[in-house]
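> Just so you know, the sequences run in chain order R and S.
Per numbering that gives the first Met the number 0, the first sequence runs over residues 0 to 450.
Per numbering that gives the first Met the number 0, the second sequence runs over residues 0 to 148.
First, the structure itself, so that you have it in front of you.
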Amino acid sequence: MRNLRRAQFGGIAGRGYRWTEMWLLVLPAAFMLVGLLTLLSVNNLATPVDHNKLPPLDAFTPAFGLIAALVGAHLLLTIIAPDADQTILPLAGTLSSIGVIMSLRLGPDLNQPTLGTKQLVWVIVGLAFCIATVKATQDLRWIRNFKYTWAAVGIALVGVTLVRAHSFSTNAPSRDVLSIGPGGLSFQPSEILKICLVVFFAGYLSENREMLASASYRLGPLRLPPVKHLGPLIAMLGIALLIFVGVRELGLAILIFGLFLSMLYVASNRPMYVVVSIFIFALGAFILYQIFPYARARVAIVGNAFDPNVALDQGYQIVQGLIAFGTGGVFGSGLGLGKPYVVPASNTDFVAASFGEEFGFAGVLAVFGLFMLLVYRGMHIAVNARDSFNQLMAVGLTAGFALQTLVILAGNLKIMPLTGVPLPFIAYGGSSVVANFIIIGLMIRLSQRNT
Amino acid sequence: MLPDTYSFLLILRIALVVILYLVILQVVFVSRSEMRRAMLMPVATTRTKQVVGHLVVIDSGSTALVPGTRLDIEPITTIGRAPTNTIVLDSTFVSTEHTRILYKDRSLWVEDFGSRNGTLVDQQTIAQAVAVAPGSILQVGDVRFKFAV
Numbered sequence: 000m001r002n003l004r005r006a007q008f009g010g011i012a013g014r015g016y017r018w019t020e021m022w023l024l025v026l027p028a029a030f031m032l033v034g035l036l037t038l039l040s041v042n043n044l045a046t047p048v049d050h051n052k053l054p055p056l057d058a059f060t061p062a063f064g065l066i067a068a069l070v071g072a073h074l075l076l077t078i079i080a081p082d083a084d085q086t087i088l089p090l091a092g093t094l095s096s097i098g099v100i101m102s103l104r105l106g107p108d109l110n111q112p113t114l115g116t117k118q119l120v121w122v123i124v125g126l127a128f129c130i131a132t133v134k135a136t137q138d139l140r141w142i143r144n145f146k147y148t149w150a151a152v153g154i155a156l157v158g159v160t161l162v163r164a165h166s167f168s169t170n171a172p173s174r175d176v177l178s179i180g181p182g183g184l185s186f187q188p189s190e191i192l193k194i195c196l197v198v199f200f201a202g203y204l205s206e207n208r209e210m211l212a213s214a215s216y217r218l219g220p221l222r223l224p225p226v227k228h229l230g231p232l233i234a235m236l237g238i239a240l241l242i243f244v245g246v247r248e249l250g251l252a253i254l255i256f257g258l259f260l261s262m263l264y265v266a267s268n269r270p271m272y273v274v275v276s277i278f279i280f281a282l283g284a285f286i287l288y289q290i291f292p293y294a295r296a297r298v299a300i301v302g303n304a305f306d307p308n309v310a311l312d313q314g315y316q317i318v319q320g321l322i323a324f325g326t327g328g329v330f331g332s333g334l335g336l337g338k339p340y341v342v343p344a345s346n347t348d349f350v351a352a353s354f355g356e357e358f359g360f361a362g363v364l365a366v367f368g369l370f371m372l373l374v375y376r377g378m379h380i381a382v383n384a385r386d387s388f389n390q391l392m393a394v395g396l397t398a399g400f401a402l403q404t405l406v407i408l409a410g411n412l413k414i415m416p417l418t419g420v421p422l423p424f425i426a427y428g429g430s431s432v433v434a435n436f437i438i439i440g441l442m443i444r445l446s447q448r449n450t
Numbered sequence: 000m001l002p003d004t005y006s007f008l009l010i011l012r013i014a015l016v017v018i019l020y021l022v023i024l025q026v027v028f029v030s031r032s033e034m035r036r037a038m039l040m041p042v043a044t045t046r047t048k049q050v051v052g053h054l055v056v057i058d059s060g061s062t063a064l065v066p067g068t069r070l071d072i073e074p075i076t077t078i079g080r081a082p083t084n085t086i087v088l089d090s091t092f093v094s095t096e097h098t099r100i101l102y103k104d105r106s107l108w109v110e111d112f113g114s115r116n117g118t119l120v121d122q123q124t125i126a127q128a129v130a131v132a133p134g135s136i137l138q139v140g141d142v143r144f145k146f147a148v
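Pasting the structure below:
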């Protein structure tokens, strides 16, 4: 059977067609179509579902456009990277189809009927970047050799936003503070910085791996590697953290620090580094907590969100988000039948709450499973990586992805202070979708044996 | 409104969540069968290797190698301390990825892979890829080899 298939499609790839990926892509396509059908049926309900109607034309384009884009990406991967991992694209595709459906559903109620189409455009741009990344990184060495350049580019881009950050008020949403470019086309360089830093850390740590593993200086119970080898590493990390503290985006600081720690641990295999780093981080966090009233306010909300004075003011968003989750219950109100748009930023920061209201606990659990599988595949790629640079890249990208998901979900659920990092693929927003697809592209490339 | 639309919506609602779980199930299934395949044929994944020469251990340094052992040289042979290398030398003088031997234009080329202690061919530290002939001495860290056919 396998040979037969190979013979039939030998012309395309020569090494077998990506059958698994094709079959898996049927599911996001089905999700899109069933979602579309649901939204159009809800439109026909005469009963009091007080929300704006979705124009059918605006609904059809994103649904079929997404399916076409995923199939296109699949066919291109068949040509460019026939042996690469076949589960990553379907997983990312499923998550982004959830994102498009949520934008499609929320658009009319947020008075932006074309929101679904816009999200589709971002997904298509993202897929294009993903394929371009797979194509451009055929030889990973050029990325590795320019590691300082990448770090500098990332920091310079974010530096531009830092200069502008002072023109915003203290409580401005972080996505306004962290974006450059004219309104419609703005993008957040911080997303790109995340990838640049992973490249830098992977390049630097893989070259100095033995230096870190064989420590020479003793400092009490701690043995440190020579300072000149730690210098660039700590400098880069410090600059990145300072920038995020500067723009008051502590969520991203946690993200960067977390992925750095994961990579450091994998590179050195020494738990002591992690323990010490976490201690230093805790100290830094405590100092920041004392300095910034902004951070104090965010932490305080976690404790007293339901306080009558807070619930209608600062805690409004988070309380409404929790009410949305609660309204959804176990099985949700059904797509298009809830009122998730009551929550401020229901399509961006609180998209998880919107999804939770309409798909219920069952849906949220499924989405969490999808994220976890993506992380599992990432770690699987890291384990099978060819050399230490590839391995550290896979670990860093996966850790960043996992932490980002956890930070925003925990924020939505009032487990930890809310931060403005977007939920990968599902939250509406251009740069986040594009950056995550670049990560997917890198993962697909790293999964190839001969990279 | 007809109650039918509501039952129709209920079916669609269930279908949406079921599809999400199907994705999870399918990916888990794919991962499991991949793992099975990797466990069943550990040999099949390493292609039948092509041997283009041999390295004879002269001085084993601080490794557990026995002098006189003949090691195979493949078209791309990497030497280093990491277990991912073709030839693994467990010595503190050897970098994780130390040296690479390539078979190109019918001869063997030795290339340093950015090691800390350098690679020596016939007592000379090499800066770029050099061609070697049978009889050349290769030193990686504290381990010395002789090239043989």
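C-beta atoms are modelled at their ideal positions from N, C-alpha and C, and glycine is treated no differently.
Please report the straight-line C-alpha distance between residue 176 of chain R and residue 29 of chain R, rounded to a whole angstrom.
Only weak support exists for where residue 176 of chain R lies, its pLDDT of 49 falling under 50; the coordinates are left without a value.
> Using a Cβ cut-off of 8 angstroms, which residues of the region 9 to 34 of chain S contact any Cβ in chain R, in chain order?
So the list reads 9, 11, 12, 14, 15, 16, 18, 19, 20, 21, 22, 23, 25, 26, 27, 29, 30, given in the order they occur along the chain.
> Identify the contact partners of residue 92 of chain S in chain R, using a Cβ-Cβ distance below 7 angstroms as the criterion.
In chain order: nothing, as chain R lies at least about 10 angstroms away.
> Cα-Cα, which of S:108, S:103, S:82 is closest to residue 96 of chain S?
S:82
> Suppose contacts are defined by Cβ-Cβ distances below 9 angstroms. Is residue 402 of chain R in contact with residue 254 of chain R by that definition?
In this structure, residue 402 of chain R places its C-beta atom within 9 angstroms of the C-beta atom of residue 254 of chain R.
> Across which residues does DSSP place residue 111 of chain S in a beta bridge pair?
S:98
> Looking at residue 378 of chain R: is its Cβ nearer than 9 angstroms to the Cβ of residue 366 of chain R?
no
> Using 10 angstroms around the beta-carbon of residue 147 of chain R, count the other beta-carbons present and answer buried if the total reaches 16, otherwise exposed.
Burial call: exposed.
> Give the secondary structure of residue 142 of chain S by DSSP, where H, G and I count as helix, E and B as strand, and everything else as coil.
strand
> Could you pull the start and end residues of the beta strand (DSSP E) that residue 85 of chain S belongs to?
That residue, residue 85 of chain S, is in no beta strand (DSSP E); it is neither H nor E in DSSP.
> Are residue 118 of chain R and residue 81 of chain R close, meaning C-beta to C-beta below 9 angstroms?
no
> Based on Cα-Cα distance, which residue from S:25, S:22, S:85 lies nearest to residue 101 of chain S?
S:85
> Suppose you measure from the CA of residue 144 of chain R to the CA of residue 88 of chain R; what does that come to, to the nearest Å?
28 angstroms
> Who pairs with residue 76 of chain S in a beta bridge, going by DSSP?
S:100
> Would the beta-carbon of residue 118 of chain S fall within 9 angstroms of that of residue 91 of chain S?
no
> Beta carbon of residue 64 of chain R, beta carbon of residue 100 of chain R: below 9 angstroms?
A distance of 9 angstroms or more separates the beta carbons of residue 64 of chain R and residue 100 of chain R.
> For residue 193 of chain R and residue 399 of chain R, which I take to be in contact (beta-carbon distance under 8 angstroms), what is that distance rounded to the nearest angstrom?
6 angstroms
> In the DSSP assignment, find the unbroken alpha helix (DSSP H) run with residue 90 of chain R in it and report its ends.
Start and end: 87 to 105.
> Taking residue 235 of chain R as the reference, give the member of R:78, R:250, R:245, R:203 with the closest Cα.
Nearest option by C-alpha distance: R:203.
> Assign residue 68 of chain S to one of two classes, buried (16 or more other C-beta atoms within 10 Å of its C-beta) or exposed (fewer than that).
By the 10 Å Cβ count, residue 68 of chain S comes out exposed.
> So residue 369 of chain R is in the beta strand (DSSP E); what residue range does that whole segment cover?
Taken as a continuous stretch (DSSP letters only), residue 369 of chain R belongs to no beta strand (DSSP E), being part of the alpha helix (DSSP H) at 350 to 382.
> At a Cβ cut of 8 angstroms, what residues of the region 83 to 107 of chain S count as close to chain R, listed as they run along the chain?
83, 91, 94, 95, 96
> If you run the structure through DSSP and keep just helix, strand and coil, what is residue 130 of chain S?
strand
> Please state the DSSP three-state secondary structure of residue 11 of chain S.
helix
> Against chain R, with Cβ distances strictly below 9 angstroms, would residue 43 of chain S count as a contact?
Summary for residue 43 of chain S: the model assigns pLDDT 47, below 50, so the residue's position carries little reliability; its value from the coordinates is reported in the next sentence. No, its Cβ sits nowhere closer than 9 angstroms to a Cβ of chain R.
> Relative to the alpha-carbon of residue 208 of chain R, which residue among R:22, R:158, R:229 has its alpha-carbon at the smallest distance?
R:229
> Compare the C-beta of residue 140 of chain R with all C-beta atoms of chain S and state if any pair is closer than 9 angstroms.
No, because no Cβ of chain S sits closer than 9 angstroms to the Cβ of residue 140 of chain R.
> Give a yes or no on whether the minimum CB-CB distance between residue 128 of chain S and chain R is below 9 angstroms.
no
> Can you pull the chain R residues whose beta carbon is under 8 angstroms from the beta carbon of residue 4 of chain S, in chain order?
40, 43, 44
> Relative to the ligand GTP, is the shortest distance from any of its heavy atoms to the C-beta of residue 412 of chain R smaller than 8 angstroms?
Among the components of this structure there are no ligands whatsoever, and the ligand GTP is therefore not found.
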